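Residue numbers (the UniProt record's numbering): 1 to 76. Cβ atoms here follow ideal geometry from the backbone N, Cα and C, with glycine treated the same way. Predicted model, so just to flag it, every value in this text is computed and none were measured.
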Amino acid sequence: VTIHTSVRIADTNAPRVSWNMGLSLLEGQSRPITWDQLQIVDNDNINSVRIITVDGLHHGQLTVGGGKGLMFSVIE
1 VTIHTSVRIA DTNAPRVSWN MGLSLLEGQS RPITWDQLQI VDNDNINSVR
51 IITVDGLHHG QLTVGGGKGL MFSVIE
């Protein structure tokens, strides 16, 4: 069996997720999302990147600074 692969470079400065390990918690636990779980990189301006929650929370809630966390920055 012969397998041929092709690699194309992409010249983009768009923000991207470089690492996403997820975060599993037991009932009643809370924990901040840190650089160890989620890494987002941007070649232009990381401070202007916003993360928007669209799906995934089956139980519990995501909070940022004590309020509901639908959108937050990399710094937060």
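- Sequence-distant Cβ neighbours of arginine 50 in its own chain, meaning closer than 8 Å and more than five residues away, are Met71, Phe72 and Ser73.
- Spanning the alpha carbons of glycine 22 and isoleucine 52 requires a straight line of approximately 15 Å.
- Check the Cα spacing between asparagine 47 and each of Val17, Ile75 and Ala14: the tightest is with Ile75.
- The criterion of a C-beta distance shorter than 9 Å is satisfied by arginine 31 and leucine 25.
- When C-alpha distances from glycine 65 are compared across Gly28, Ile33 and Ile40, the shortest belongs to Ile33.
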